[in-house]
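Chemist: Before anything else, here's the structure in question.
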Amino acid sequence: MQISADIRDFLVENFLYGRDDGALRDDVSLLESGLVDSTGVLELVSFVEEKYGITVKDSELVPDNFDSIDKLAGFILKKTREAAA
Amino acid sequence: MCGIAGIYNDRGGLESSRELLGGMIRMLRHRGPDGFGLYADEKVGLAHARLSIIDLSGGSQPMPNEDKKVWITFNGEIFNYIELRRDLEGRGHVFRTRSDTEVIIHLYEERGPACLDFLNGQFAFAIWDRGAGTLFMARDRAGIRPLFYAMRGDALLFASEIKSIFMDSRIKREIDPLGLDQIFTFWMTIPPRTAFKDVFELPAGHYMVVQNGRMRIKKYWDPDFTPPEKARPEAEYAEELKSLLIDATRLQLRADVPVGAYLSGGIDSSAVAALIKNHTDTPLRTFSVSFEDAVFDEGRYQRIMAERLGATASHSSVMCGCADIGRVFPDVIWHTEKPVVRTAPAPLYILSKLVRDSGYKVILTGEGADEVLAGYDIFKEAKLREFIKKEPSSRFRPLLLKRLYPYLARSPVRSARYAEIFFAGETGGCPAAYASHAPRWTTTSRIKVFFSDAMKEELKGYENIAELASGLPEEKLSAYDTLSRAQYLEMKTLLPGYLLSSQGDRVAMANSVEGRFPFLDHRVMEFSCRLPASLRMNVLNEKYLLKQCMKGLLPAHILERTKQPYMAPDSASFFSGGADYVQDLLYGKRLAEAGFFNPAMVSKLAAKCRQNRMLGFKDNMAIVGIVSTLLLHELYTDGFASRASEILKLSTTGGIAYADQR
Chain A
3 MQISADIRDF
13 LVENFLYGRD
23 DGALRDDVSL
33 LESGLVDSTG
43 VLELVSFVEE
53 KYGITVKDSE
63 LVPDNFDSID
73 KLAGFILKKT
83 REAAA
Chain B
138 MCGIAGIYND
148 RGGLESSREL
158 LGGMIRMLRH
168 RGPDGFGLYA
178 DEKVGLAHAR
188 LSIIDLSGGS
198 QPMPNEDKKV
208 WITFNGEIFN
218 YIELRRDLEG
228 RGHVFRTRSD
238 TEVIIHLYEE
248 RGPACLDFLN
258 GQFAFAIWDR
268 GAGTLFMARD
278 RAGIRPLFYA
288 MRGDALLFAS
298 EIKSIFMDSR
308 IKREIDPLGL
318 DQIFTFWMTI
328 PPRTAFKDVF
338 ELPAGHYMVV
348 QNGRMRIKKY
358 WDPDFTPPEK
368 ARPEAEYAEE
378 LKSLLIDATR
388 LQLRADVPVG
398 AYLSGGIDSS
408 AVAALIKNHT
418 DTPLRTFSVS
428 FEDAVFDEGR
438 YQRIMAERLG
448 ATASHSSVMC
458 GCADIGRVFP
468 DVIWHTEKPV
478 VRTAPAPLYI
488 LSKLVRDSGY
498 KVILTGEGAD
508 EVLAGYDIFK
518 EAKLREFIKK
528 EPSSRFRPLL
538 LKRLYPYLAR
548 SPVRSARYAE
558 IFFAGETGGC
568 PAAYASHAPR
578 WTTTSRIKVF
588 FSDAMKEELK
598 GYENIAELAS
608 GLPEEKLSAY
618 DTLSRAQYLE
628 MKTLLPGYLL
638 SSQGDRVAMA
648 NSVEGRFPFL
658 DHRVMEFSCR
668 LPASLRMNVL
678 NEKYLLKQCM
688 KGLLPAHILE
698 RTKQPYMAPD
708 SASFFSGGAD
718 YVQDLLYGKR
728 LAEAGFFNPA
738 MVSKLAAKCR
748 QNRMLGFKDN
758 MAIVGIVSTL
768 LLHELYTDGF
778 ASRASEILKL
788 STTGGIAYAD
798 QR
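Residue numbers (my numbering), protein chains in the order written: chain A, 3 to 87; chain B, 138 to 799.
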């Protein structure tokens with residue numbers, strides 16, 4: 003899925019600084035793996051907002067939406083569909 | 138306040154080392170531009186760079202006792218010297234000067250190393266007892282004044298700063314990968330380790346005795362958080378804290394030159410300024426740093442406090458922008474002599490320049506209050522985590538976490554579920570005794586991802602936490618409550634290793650300015666640490682007792698404001714003009730040659746920083762850590778000789794006064 007690939011590219015570039023060691027699976031917890039910290043989540047939010055033209059509400063800023071490539075891809079899909087509807 | 142340096146060689150032959158010693162002390166000219174002194178016999182050489190503050194005419198050093206058998210070179214202040222002198226005169230000691238220096242000599246003659254228990258002050262000194270053949274060196278309890286040493290063959294070299302020791306070209310100027318690993322975890326090196334392989338630091342609250350070529354290091358003071366057996370009424374404690382602070386401030390205003398105060402806009406420095414204003418006769422002169430970026434700026438509160446003090450006319454402020462920080466940063470690293478992961482020392486370097494340019498060389502600040510009276514968020518986090526752990530099923534306890542960091546404009550911590558994960562007590566394999574600090578250390582450690590493969594190989598199997606733990610009293614710590622344990626750790630690590638050094642002594646003395654800290658008066662520290670924990674932090678109300686005893690002296694705006702940690706723009710400082718050297722450091726072949734970092738990853742990070750998008754803590758810490766490490770490497774390897782010769786040009790060997798030994 004293109005969204006997942008885009009997210010992965012962003013994470014590799016911005017949080018692994020280009021060095022993809024293969025540990026970043028689509029279901030890995032970004033927090034527990036130490037890849038993203040409390041301020042890193044905000045980077046992720048601005049990436050999503052800019053790239054997909056959606057607005058993330060404070061109430062949506064939860065691990066269920068942001069804590070893995072899978073979850074984030076699902077969230078983006080849901081938000082873009084909502085916007086289109 | 139001054140700089141000191143010296144050489145000891147039990148085998149003798151030191152008469153010939155005068156030239157080296159002369160160079161060592163001239164390297165510390167910024168610490169003491171008012172004159173150099175030197176003493177040398179066959180075994181020991183002592184040198185001194187003087188910043189005249191007490192007894193302007195009579196206090197030259199190195200200074201001997203009456204029969205010239207005992208010599209001292211001393212950096213710092215003994216605030217209770219008048220009281221000590223009275224007592225010593227009563228015991229028959231004869232004084233030739235009005236200085237505090239002479240008091241230490243006589244007290245040492247009277248008590249030996251136990252003299253330290255009587256000194257109220259901030260100091261690092263070396264005493265050479267020719268008769269006994271003993272060299273005695275000590276540092277103050279909190280670690281305000283520095284002392285480094287190195288061994289070269291049979292000789293021991295020591296000095297206030299490492300650059301002085303490096304004047305002996307036989308001592309390698311090489312960054313220690315283990316020291317770097319520590320800074321990229323704890324923000325500091327764990328003494329005796331420093332950022333350099335062959336140079337060591339005498340820890341705070343320790344002394345060293347060297348005799349017959351043998352060295353012994355001993356701790357004489359440690360924070361004690363043992364709770365009182367029976368708590369007294371709160372009002373009594375508040376009254377006692379206030380009178381201790383008044384007395385500490387009064388003593389620390391002793392000087393034969395005018396004394397100023399920093400105003401940060403927070404409670405601590407405001408309290409010190411208010412105590413000067415209301416409880417002493419010293420005319421109040423205040424100084425502040427403000428920031429162009431509103432996120433960091435506390436100018437509004439500084440003005441409120443200056444107005445309250447009626448000091449607006451005698452208040453000066455310097456505005457600090459990103460480019461200013463970038464511009465001075467190499468000089469700052471020359472002075473800190475170790476990498477840093479925040480740029481916060483730079484604005485204080487700019488501020489001390491303002492102080493010096495205004496004709497002041499002594500400044501009182503609120504430093505230390507957050508450690509001894511519990512002001513930091515890291516203490517709140519520790520308490521909260523423990524509270525949540527006791528009732529993990531509670532849906533409501535984690536909601537408290539949302540109350541942390543209200544000063545962050547937008548924080549995922551506002552989502553309780555995120556907060557829970559962030560504060561779940563990520564201890565990263567850290568022993569439970571250090572749980573309070575584990576999140577900070579784990580978060581900082583992530584910037585080690587930029588280390589080169591060679592560095593990672595060299596660090597394989599190295600456990601920096603084990604090295605830290607080996608110097609800490611595990612049993613004592615495990616008996617403390619969570620808050621006390623966290624405070625103890627902070628007082629033993631970040632306070633001396635970063636706040637009082639990189640962000641304290643080094644950036645103030647760089648401009649020949651001496652900081653003084655009433656909250657670090659040992660009576661205030663000892664009293665505060667032994668308060669019932671709930672008076673230091675009441676539930677989540679930080680510095681509770683201090684606020685109680687400052688009511689009436691401070692405006693409500695200051696007392697009730699949300700605590701804002703002192704921070705400065707980090708990454709942005711290197712990419713806003715003013716820091717052209719960054720291009721060379723981060724992209725040139727020198728990055729690969731230095732060998733510490735992975736060049737490809739560093740250039741990705743640099744590109745990200747250059748775009749100046751919203752950056753997280755990790756990226757900010759990483760870029761500051763990398764730039765400062767590379768600067769340190771350049772300044773102290775290839776760049777050292779030329780920088781040293783520039784400094785030596787500012788003085789001459791002819792300007793050194795040789796002490797008369799006979």
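For glycine and all other residues, C-beta sits at the position ideal for the given N, C-alpha and C.
Looking at the structure shown, is Thr818 of chain B part of a helix, part of a strand, or coil, going by DSSP?
Modeler: The first residue shown for chain B is 138 and the last is 799, placing residue 818 of chain B beyond what the model contains.
Chemist: Using DSSP with H/G/I as helix, E/B as strand and the rest coil, what is Ala546 of chain B?
Modeler: Bear in mind that the predicted position of Ala546 of chain B carries a pLDDT of just 49, short of 50, making it unreliable; the figure below should be weighed with that in mind. Coil at Ala546 of chain B, not helix or strand.
Chemist: Give, in chain order, every residue of the segment 66-77 of chain A whose Cβ lies closer than 9 Å to some Cβ of chain B.
Modeler: Asp66, Phe68 and Asp69
Chemist: Is the shortest distance between the beta-carbon of Glu84 of chain A and the beta-carbons of chain B less than 8 Å?
Modeler: At least 8 Å separates the CB of Glu84 of chain A from every CB of chain B.
Chemist: Would you call the CB atoms of Gly403 of chain B and Lys700 of chain B closer than 8 Å?
Modeler: yes
Chemist: With 9 Å as the C-beta to C-beta threshold (strictly closer), list the residues of the segment 4-30 of chain A near chain B in chain order.
Modeler: Glu15, Asn16, Phe17, Leu18, Tyr19, Gly20 and Arg21
Chemist: Is there a Cβ of chain A sitting closer than 8 Å to that of Thr423 of chain B, yes or no?
Modeler: Interface residue (Cβ-Cβ distance to chain A less than 8 Å): Thr423 of chain B is not classified as such.
Chemist: Grouping DSSP H, G and I as helix and E and B as strand, with all else coil, what is Trp358 of chain B?
Modeler: In the three-state scheme derived from DSSP, where H, G and I count as helix and E and B as strand, Trp358 of chain B is classed as coil.
Chemist: Quick one: Cα of Pro692 of chain B to Cα of Gln439 of chain B, how far?
Modeler: 12 Å
Chemist: From Thr386 of chain B to Pro364 of chain B, what distance separates their C-alpha atoms?
Modeler: One C-alpha to the other measures close to 26 Å.
Chemist: Please classify Leu193 of chain B: is it buried, with 16 or more other beta-carbons within 10 angstroms of its beta-carbon, or exposed?
Modeler: exposed
Chemist: Does the separation of the CB atoms of Asp395 of chain B and Tyr286 of chain B fall below 8 Å?
Modeler: The question names Asp, but residue 395 of chain B in the sequence shown is Pro. Cβ atoms of Pro395 of chain B and Tyr286 of chain B: not closer than 8 Å.
Chemist: How far does the beta strand (DSSP E) with Ser582 of chain B in it extend, from its first residue to its last?
Modeler: It is not in any beta strand (DSSP E) - Ser582 of chain B instead sits in the alpha helix (DSSP H) that spans Ala575 to Ser582.
Chemist: Considering only residues of the same chain and omitting the five flanking positions on each side of Asn678 of chain B, which have a CB-CB separation below 7 Å?
Modeler: none
Chemist: To the nearest whole angstrom, what separates the beta carbons of Arg282 of chain B and Asn212 of chain B, a pair I think is in contact under 8 Å?
Modeler: 5 Å
Chemist: Measure the CB-CB distance between Gly280 of chain B and Pro633 of chain B and report whether it falls below 8 Å.
Modeler: Yes, the pair counts as a contact, with Cβ atoms nearer than the cut-off.
Chemist: Please name the residue in B:Leu382, B:Gln198, B:Leu183 and B:Ser236 whose C-alpha comes closest to that of Ile191 of chain B.
Modeler: B:Ser236
Chemist: Verify the CB distance criterion: does Thr619 of chain B have a CB-CB separation below 8 Å to chain A?
Modeler: no
Chemist: Residue ranges of each alpha helix (DSSP H) run of no fewer than 4 residues wholly in the segment 292-361 of chain B, ordered along the chain?
Modeler: 299-302 and 314-323
Chemist: If you measure beta-carbon to beta-carbon, which residues of the segment 32-53 of chain A are closer than 7 Å to chain B?
Modeler: Leu33, Gly36, Asp39, Ser40, Thr41, Gly42, Val43, Leu44, Glu45 and Ser48
Chemist: Less than 6 Å between C-beta atoms, sequence neighbours within five positions excluded: which residues of the same chain meet that for Tyr795 of chain B?
Modeler: Leu175
Chemist: For Leu631 of chain B and Tyr513 of chain B, what's the separation of their Cα atoms in angstroms?
Modeler: 12 Å
Chemist: 8 Å is my cut-off, CB to CB: does Gly270 of chain B come that close to chain A?
Modeler: no
Chemist: The beta strand (DSSP E) that contains Val764 of chain B, what's its start and end?
Modeler: Segment Phe754 to Tyr773 is the alpha helix (DSSP H) holding Val764 of chain B; no beta strand (DSSP E) there.
Chemist: Can you say whether Ala709 of chain B is buried or exposed, counting buried as having 16 or more other CB atoms within 10 angstroms of its CB?
Modeler: It is buried - the Cβ of Ala709 of chain B has at least 16 other Cβ atoms within 10 Å.
Chemist: Would you report the Cα separation of Arg83 of chain A and Val50 of chain A, rounded to the nearest angstrom?
Modeler: 14 Å
Chemist: Is it buried or exposed for Glu435 of chain B, if we count other Cβ within 10 angstroms and need 16 for buried?
Modeler: buried
Chemist: For the segment 743-763 of chain B, which residues have a CB atom closer than 8 Å to at least one CB atom of chain A, in sequence order?
Modeler: Per Cβ criterion, the list reads Lys745, Arg750, Met751, Leu752, Gly753, Phe754 and Lys755.
Chemist: At a cut-off of 7 Å, is Glu474 of chain B close to the ligand FAD when judged by its beta-carbon and the heavy atoms of the ligand?
Modeler: Absence of the ligand FAD is noted for the structure shown, with no ligands found whatsoever.
Chemist: Classify Gln259 of chain B as helix, strand or coil using the three-state DSSP reduction.
Modeler: strand
Chemist: Would you please verify whether the beta carbon of Gly791 of chain B is less than 8 Å from any beta carbon of chain A?
Modeler: no
Chemist: DSSP has Ser453 of chain B in a bridge; who is on the other side?
Modeler: B:Phe424
Chemist: Beta carbon of Ala261 of chain B, beta carbon of Leu244 of chain B: below 8 Å?
Modeler: It is not a contact, given that the beta carbons lie outside the stated cut-off.
Chemist: Any chance the segment 204-223 of chain B sits against the segment 254-271 of chain B, with 3 or more Cβ pairs inside 8 Å?
Modeler: The segment 204-223 of chain B makes contact with the segment 254-271 of chain B, as at least three CB pairs between them are under 8 Å.
Chemist: Return the chain-ordered list of same chain residues with a C-beta closer than 6 Å to the C-beta of Val14 of chain A, the five sequence neighbours on each side being excluded.
Modeler: Asp22
Chemist: Tell whether a beta-carbon distance below 8 Å holds between Leu614 of chain B and Ala570 of chain B.
Modeler: Note that the C-beta distance between Leu614 of chain B and Ala570 of chain B is below 8 Å.
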